[in-house]
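Below is one structure, written out as structure tokens; the observations come after it.
Chains as they are written, first to last, in this note's numbering: chain A, 1237 to 1348; chain B, 69 to 182.
Now the structure itself:
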């Protein structure tokens, strides 16, 4: 059961790079790592997904070390609109429902 | 392309009643999942449907049920409502099956049980 652990909250300033780390010590061979962003009163929005090494898209990068026991979501040059809750999920498409755990997420606050 | 739509957006019910929530997925998406979100418990998975079949189910009592129609639209039903069922109910659709395919969430239905 790949439980994830993230910081409860983080603060940063506009223009800074923000790195949010997620620990998943029991990650299984077939598991992928997925990050979602959620604004108040809205559904979560997919940010990025990866299996190993580094994945980059237009909004973020995901760094996964060789042992895959942790991952880091990197948001370059954040703005006020990046203030949200960020969730790390670990699992694969064959996971049973009980393994789907969003957890508490990380509440990111960006200041001017 | 239209996003995931959920109806109604807000609902107020009393204890003991039942409620049906509706979700229309993105066109072409065959997988629909439901989640409950509360301040205390966070975001919890309810169930997933793919091609009209329930593929996965979370740890919720039998009062929570759902179904999916041939056009991929889905409904979830909660019977004998309790105060603790007050929550934001989110629906998500994805192109493929499996809860780790990219999911697109709707705006949710906010249910208040009095």
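Here a beta-carbon is modelled for each residue, glycine too, at the ideal position from N, C-alpha and C.
Helix, strand or coil: which one does DSSP assign to residue i?
{"i": "residue 1334 of chain A", "result": "Residue placement at residue 1334 of chain A is poorly supported in this model, since its pLDDT is 47, which falls under 50; the coordinates still yield a value, given next. Helix at residue 1334 of chain A."}
{"i": "residue 1247 of chain A", "result": "strand"}
{"i": "residue 1310 of chain A", "result": "strand"}
{"i": "residue 156 of chain B", "result": "strand"}
{"i": "residue 1340 of chain A", "result": "coil"}
{"i": "residue 1317 of chain A", "result": "helix"}
{"i": "residue 149 of chain B", "result": "coil"}
{"i": "residue 95 of chain B", "result": "coil"}
{"i": "residue 178 of chain B", "result": "strand"}
{"i": "residue 1268 of chain A", "result": "strand"}
{"i": "residue 103 of chain B", "result": "strand"}
Under 7 angstroms Cβ to Cβ from residue i, same chain only, skipping five residues before and after it: list those, please.
{"i": "residue 1334 of chain A", "result": "Confidence at residue 1334 of chain A is low in this model, with a pLDDT of 47, below 50, so the placement of that residue is unreliable and no value is reported for it."}
{"i": "residue 76 of chain B", "result": "177"}
So, under 8 angstroms CB-CB, residue i and residue j are touching, yes? Tell me the CB distance rounded to an integer number of Å.
{"i": "residue 170 of chain B", "j": "residue 1282 of chain A", "result": "5 angstroms"}
{"i": "residue 89 of chain B", "j": "residue 168 of chain B", "result": "In fact, because the Cβ distance is near 24 angstroms, the residues do not count as touching under 8 angstroms."}
{"i": "residue 110 of chain B", "j": "residue 1338 of chain A", "result": "6 angstroms"}
{"i": "residue 1308 of chain A", "j": "residue 1257 of chain A", "result": "5 angstroms"}
{"i": "residue 92 of chain B", "j": "residue 73 of chain B", "result": "5 angstroms"}
{"i": "residue 179 of chain B", "j": "residue 79 of chain B", "result": "5 angstroms"}
In the DSSP assignment, find the beta strand (DSSP E) that holds residue i and state where it starts and stops.
{"i": "residue 1320 of chain A", "result": "1320-1327"}
{"i": "residue 114 of chain B", "result": "110-118"}
{"i": "residue 75 of chain B", "result": "73-75"}
{"i": "residue 78 of chain B", "result": "78-81"}
{"i": "residue 145 of chain B", "result": "142-146"}
Spatial neighbours of residue i within its chain, please: CB distance less than 8 angstroms, with the 5 preceding and 5 following residues excluded, ordered by chain position.
{"i": "residue 15 of chain B", "result": "The requested residue 15 of chain B is not part of the displayed model; chain B covers only 69 to 182."}
For residue i, I'd like the list of residues in its chain whose CB is within less than 6 angstroms of its CB, leaving aside the five on either flank, ordered along the chain.
{"i": "residue 1340 of chain A", "result": "none"}
{"i": "residue 1287 of chain A", "result": "1268"}
{"i": "residue 101 of chain B", "result": "116 and 160"}
{"i": "residue 1273 of chain A", "result": "1281, 1283, 1320 and 1322"}
{"i": "residue 1270 of chain A", "result": "1285 and 1325"}
{"i": "residue 1254 of chain A", "result": "1248, 1311 and 1314"}
{"i": "residue 1243 of chain A", "result": "1342"}
Exercise. Check whether the stretch 105-115 of chain B touches the stretch 145-157 of chain B, taking contact to mean three or more Cβ pairs, one atom from each stretch, closer than 8 angstroms.
Key: yes
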